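In my numbering, the protein residues as written are 267 to 570. Below is one structure, written out as structure tokens; comments come after it.
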């Protein structure tokens with residue numbers, strides 16, 4: 267994942283990088299590798315600092331992708347074939363209601379949202395990713411960066427009360443948000459037509475954001491500097507671990523290949539033995555045909 271994120275960031279494709287980072291959130295992998303965490307945080311921070319409208323996440327590139335276009339065409343052809351076959355088939359006979367069997371199956375009576383895998387809005391997915399990163403950073407004792415991630419994540423998720431309490435903590439700790447302050451104000455102000463209760467919480471949050479300092483480095487700058495610090499500590503260890511995993515994979519692959527080869531050879535041998543037995547049975551029938559002719563004739567006469 268580090269290599270893929272790095273490639274996307276080298277091309278300054280923050281849209282792709284942020285979507286990759288969100289996959290780490292969905293798989294709950296934040297906190298397993300500090301380098302990955304900082305790359306993901308940098309990707310997400312650069313994406314939201316551009317004050318995006320999140321429309322890029324929902325764009326459909328199937329028309330420009332030959333693979334996706336071909337799959338779409340094949341799916342449409344399959345649907346057409348199914349419809350034609352259904353027309354050709356005769357209408358099924360009506361079943362007797364007395365013979366019908368009903369099976370009780372479990373189902374959800376009411377709509378359900380787990381606020382994780384069920385998230386569809388790119389804004390909410392980004393918000394949940396920042397919250398997950400904030401939790402991971404809190405575990406590694408990086409409280410200032412963690413609080414900023416929590417604050418941005420709750421703003422994107424629309425958790426106004428949580429965001430207000432976090433903004434209050436930032437005011438008390440004299441935290442410097444840098445360009446994050448303008449980013450927060452932008453995403454708070456872009457939401458309109460909120461319920462009255464949420465509108466009051468939003469107003470309260472805006473008043474607390476006004477009291478925060480706009481000086482200092484941005485969240486992406488903090489992630490970049492932390493990445494460089496962590497890189498010197500764990501990069502060599504990650505390289506050695508990757509080499510070890512590649513060697514282990516080569517040995518494991520060879521072992522699996524041997525197992526599959528043995529299985530294939532065994533199946534071939536069984537097929538050859540079966541064919542040989544059938545051939546022997548056929549030859550035995552030919553060789554003993556005249557010996558059994560008299561017995562077969564008597565049996566036929568008895569039957570007549």
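C-beta: ideal position from N, C-alpha, C; glycine also. This one's a predicted model, so the numbers in the text were calculated from it and none came from an experiment.
CA-to-CA distance, residue j to residue i, given in whole angstroms
{"i": "residue 381", "j": "residue 449", "result": "24 Å"}
{"i": "residue 297", "j": "residue 474", "result": "30 Å"}
{"i": "residue 219", "j": "residue 391", "result": "No information on residue 219 is available, as it lies outside the stretch 267 to 570 that the chain covers here."}
{"i": "residue 284", "j": "residue 313", "result": "7 Å"}
{"i": "residue 552", "j": "residue 532", "result": "30 Å"}
{"i": "residue 477", "j": "residue 437", "result": "7 Å"}
{"i": "residue 444", "j": "residue 389", "result": "22 Å"}
{"i": "residue 267", "j": "residue 519", "result": "21 Å"}
{"i": "residue 292", "j": "residue 383", "result": "7 Å"}
{"i": "residue 555", "j": "residue 539", "result": "24 Å"}
{"i": "residue 373", "j": "residue 323", "result": "31 Å"}
{"i": "residue 528", "j": "residue 550", "result": "32 Å"}
{"i": "residue 403", "j": "residue 493", "result": "13 Å"}
{"i": "residue 329", "j": "residue 525", "result": "Since pLDDT at residue 329 reaches only 41, below the 50 mark, its modelled position is unreliable, and the value read off the structure follows with that caveat. Cα to Cα, residue 329 sits roughly 43 Å from residue 525."}
{"i": "residue 511", "j": "residue 295", "result": "19 Å"}
{"i": "residue 318", "j": "residue 371", "result": "44 Å"}
{"i": "residue 304", "j": "residue 536", "result": "56 Å"}
{"i": "residue 517", "j": "residue 542", "result": "37 Å"}
Segment limits, alpha helix (DSSP H) that includes residue i
{"i": "residue 378", "result": "Note, residue 378: premise wrong, no alpha helix (DSSP H); not H, not E."}
{"i": "residue 268", "result": "268–276"}
{"i": "residue 302", "result": "300–315"}
{"i": "residue 440", "result": "Taken as a continuous stretch (DSSP letters only), residue 440 belongs to no alpha helix (DSSP H), as it is neither H nor E."}
{"i": "residue 284", "result": "280–292"}
{"i": "residue 515", "result": "485–553"}
{"i": "residue 319", "result": "Unbroken run through residue 319: none, as it is neither H nor E."}
{"i": "residue 420", "result": "409–423"}
{"i": "residue 394", "result": "388–405"}
Assigned exposure category for residue i - 16 Cβ within 10 Å defines buried
{"i": "residue 338", "result": "With a pLDDT of 45 at residue 338, under the threshold of 50, the predicted position of this residue should be treated as unreliable, though the coordinate-derived value follows. Residue 338 comes out exposed."}
{"i": "residue 281", "result": "buried"}
{"i": "residue 521", "result": "exposed"}
{"i": "residue 327", "result": "Only weak support is given to the placement of residue 327: the predicted model assigns it a pLDDT of 42, under 50, and the value that follows is read from those uncertain coordinates. Answer is exposed; the Cβ neighbour count stays below 16."}
{"i": "residue 547", "result": "exposed"}
{"i": "residue 513", "result": "exposed"}
{"i": "residue 399", "result": "buried"}
{"i": "residue 290", "result": "buried"}
{"i": "residue 461", "result": "exposed"}
{"i": "residue 302", "result": "buried"}
{"i": "residue 467", "result": "buried"}
{"i": "residue 344", "result": "With a pLDDT of only 47 at residue 344, under the threshold of 50, the placement of this residue in the model should not be trusted; the figure read from the coordinates follows. Exposed is the call here."}
{"i": "residue 393", "result": "buried"}
{"i": "residue 366", "result": "exposed"}
C-beta atoms of residue i and residue j nearer than 8 Å
{"i": "residue 395", "j": "residue 273", "result": "no"}
{"i": "residue 481", "j": "residue 435", "result": "no"}
{"i": "residue 472", "j": "residue 500", "result": "no"}
{"i": "residue 315", "j": "residue 484", "result": "yes"}
{"i": "residue 269", "j": "residue 309", "result": "no"}
{"i": "residue 470", "j": "residue 431", "result": "no"}
{"i": "residue 300", "j": "residue 406", "result": "yes"}
{"i": "residue 418", "j": "residue 457", "result": "no"}
{"i": "residue 440", "j": "residue 428", "result": "no"}
{"i": "residue 271", "j": "residue 306", "result": "yes"}
{"i": "residue 368", "j": "residue 397", "result": "no"}
Test: residue i CB closer than 8 Å to a CB of chain D
{"i": "residue 307", "result": "Chain labels in this structure do not include chain D; a single protein chain is all it has."}
Segment contact flag, the region 438–456 with the region 489–497, C-beta cutoff 8 Å, min 3 pairs: no
Check whether the region 503–510 and the region 416–427 touch, using three or more Cβ-Cβ pairs below 8 Å as the test. no
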